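Residue numbers (my numbering), protein chains in the order written: chain A, 1 to 121; chain B, 122 to 242. Note that CB positions come from ideal geometry on N, CA and C, so glycine has one too. For clarity, every value in this text was computed on a predicted model and none was experimentally measured.
Number of protein chains: 2
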Amino acid sequence: MTQQTEILKCDCNVIHQEVVDLVRTTMPSQDKLQELSQLFKVFGDPTRLKILSALFKSEMCVCDMATLFNMTQSSISHQLSVLKQARLVNYHREGKVVYYGLDDQHIQQIFDQGYLHIQER
Amino acid sequence: MTQQTEILKCDCNVIHQEVVDLVRTTMPSQDKLQELSQLFKVFGDPTRLKILSALFKSEMCVCDMATLFNMTQSSISHQLSVLKQARLVNYHREGKVVYYGLDDQHIQQIFDQGYLHIQER
DNA sequence: TGAACATATGAACAAGTGTTCATATGATAA
DNA sequence: TTATCATATGAACACTTGTTCATATGTTCA
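And the structure:
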């Protein structure tokens with residue numbers, strides 16, 4: 001049976017009920033879409049891509065990245081905290097210096113979920 | 122020679138010049154990063170992911186999508202224009218109805234660039 | 001302990017984003 | 001032509017985001 005309890009925000013008439021019903025059965029869950037778009041959003045900033053791209057090559061401290069990208073230490077630090085929250089990077093402190101690297105394990109996990117795959121050229 | 126003409130926004134001392142220099146040589150260009158992050162940004166919204174996910178299954182008109190997602194026609198239309206600009210979808214008009222589908226050719230082109238790959242589960 | 005330094009973090013701000021509302025456009029049919 | 005309908009679009013709005021500035025935290029060394 002077609003759902004009739006839904007609130008109709010669409011002010012036009014449904015043209016293809018079969019199509020709508022077919023697609024409905026195979027849509028990813030709202031949670032899944034939310035999670036996936038959240039991940040894409042993290043990749044959707046040049047600074048964060050820069051950081052990830054650099055860390056792909058080598059572990060680095062905040063100061064290294066600030067120098068390399070010619071950006072303030074604060075800005076890098078803020079973006080690193082976003083990447084930390086997304087569990088894309090991890091870090092370890094050695095004295096005053098904090099070294100960041102890719103969180104390979106979680107990144108692998110993301111790819112294992114099968115929704116996306118980033119490969120080198 | 123290490124670049125010395127750059128403006129140093131970083132208020133700390135470089136810790137690992139070798140690392141910085143090494144990574145610098147292999148960084149994607151600013152343009153490439155801008156382009157890639159722009160693409161990710163388009164994927165970084167649940168509504169747009171919904172639309173793409175649906176179109177992956179079947180061509181649909183705006184009204185179908187508005188009904189399926191229980192959203193206003195206007196909102197869908199605005200998002201479709203974003204996807205159109207990113208050349209992720211194309212469309213053809215049949216009378217009053219406009220049908221949208223994935224722009225397979227450009228999507229393939231994106232994957233061919235080798236930076237990302239989205240696969241089905 | 002206190003100075004020096006790498007990093008983190010909160011507040012402020014400008015710029016960008018997604019939705020809604022009202023309305024325009026473009027097509028059909030009477 | 002006029003009414004109707006599907007879609008597009010501009011303006012307004014609340015909300016989010018990325019950077020900067022000032023300052024806090026944590027560590028080392030004298």
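Contact belief for L88/A with V42/A at Cβ below 8 Å, rounded distance in angstroms: By 1-based counting over the first sequence, the position of residue 88/A is 88. By 1-based counting over the first sequence, the position of residue 42/A is 42. The Cβ separation is near 7 Å, so the contact holds.
Euclidean distance between Cα positions of L143/B and E59/A: On the second sequence, residue 143/B is found 22 positions in, with the first residue counted as 1. On the first sequence, residue 59/A is found 59 positions in, with the first residue counted as 1. Those two C-alpha atoms are separated by around 11 Å.
Beta-bridge partners of H92/A, as assigned by DSSP: Stepping through the first sequence from its first residue, residue 92/A is reached at position 92. Looking at the DSSP assignment, H92/A forms a beta bridge with Y99/A.
Residue-chain proximity (L102/A, chain B), Cβ-Cβ < 8 Å: Here residue 102/A corresponds to residue number 102 of the first sequence, with the count starting at 1. Judged by the 8 Å Cβ criterion, L102/A is not in contact with chain B.
Outcome for Q229/B when other beta-carbon atoms lying within 10 angstroms are tallied against a minimum of 16: To locate residue 229/B, count along the second sequence from 1; it is residue 108. Q229/B should be labelled exposed.
C184/B: first and last residue of the uninterrupted alpha helix (DSSP H) it sits in: Sequence index remark: in the second sequence, residue 184/B carries index 63 (1-based). Its alpha helix (DSSP H) spans residues V183 to F190.
Cβ shell of H106/A (< 6 Å), same chain only, five flanking positions each side left out: Along the first sequence, read from residue 1 onward, the residue named residue 106/A stands at position 106. The residues are R87.
Simplified DSSP assignment, three categories, for I128/B: Numbered from its first residue, the second sequence carries residue 128/B at position 7. Its pLDDT being 46, under 50, I128/B is placed unreliably in this model, and the value from its coordinates should be taken loosely. The answer is coil: DSSP assigns I128/B none of H, G, I, E or B.
Stretch pair the segment 145 to 155 of chain B + the segment 71 to 78 of chain A: three plus CB contacts closer than 8 Å: no
Contacting residues, own chain, Cβ-Cβ under 6 Å from T47/A (five flanking each side not counted): By one-based count along the first sequence, residue 47/A stands at place 47. Counting only Cβ-Cβ distances below 6 Å, and skipping sequence neighbours, we find Q79.
Extent of the continuous alpha helix (DSSP H) to which I172/B belongs: Along the second sequence, read from residue 1 onward, the residue named residue 172/B stands at position 51. From DSSP, the alpha helix (DSSP H) with I172/B extends over P167 to K178.
Reduced DSSP secondary structure (H/G/I, E/B, other) of I228/B: Taking the second sequence and counting its residues from 1, the one referred to as residue 228/B is at position 107. Three-state DSSP puts I228/B in a helix.
Beta-carbon spacing of F40/A, G165/B below 8 Å: Within the first sequence, residue 40/A is the residue found at index 40, counting from 1. Within the second sequence, residue 165/B is the residue found at index 44, counting from 1. Yes, they are a contact pair.
Chain B contact for Q4/A (CB, 8 Å cutoff): Against the first sequence, residue 4/A aligns to sequence position 4. Because Q4/A carries a pLDDT of 35, less than 50, the predicted location of this residue cannot be relied on, and no value is offered for it.
First and last residue of the uninterrupted alpha helix (DSSP H) at T26/A: Mapped onto the first sequence, residue 26/A falls at position 26. No alpha helix (DSSP H) holds T26/A; DSSP gives it neither H nor E.
Contacts around V14/A, its chain only, beta-carbon distance under 7 Å, and the 5 residues preceding and following it disregarded: Position 14 of the first sequence, counting from 1, holds the residue named residue 14/A. So the list reads V20, once near-sequence residues are dropped.
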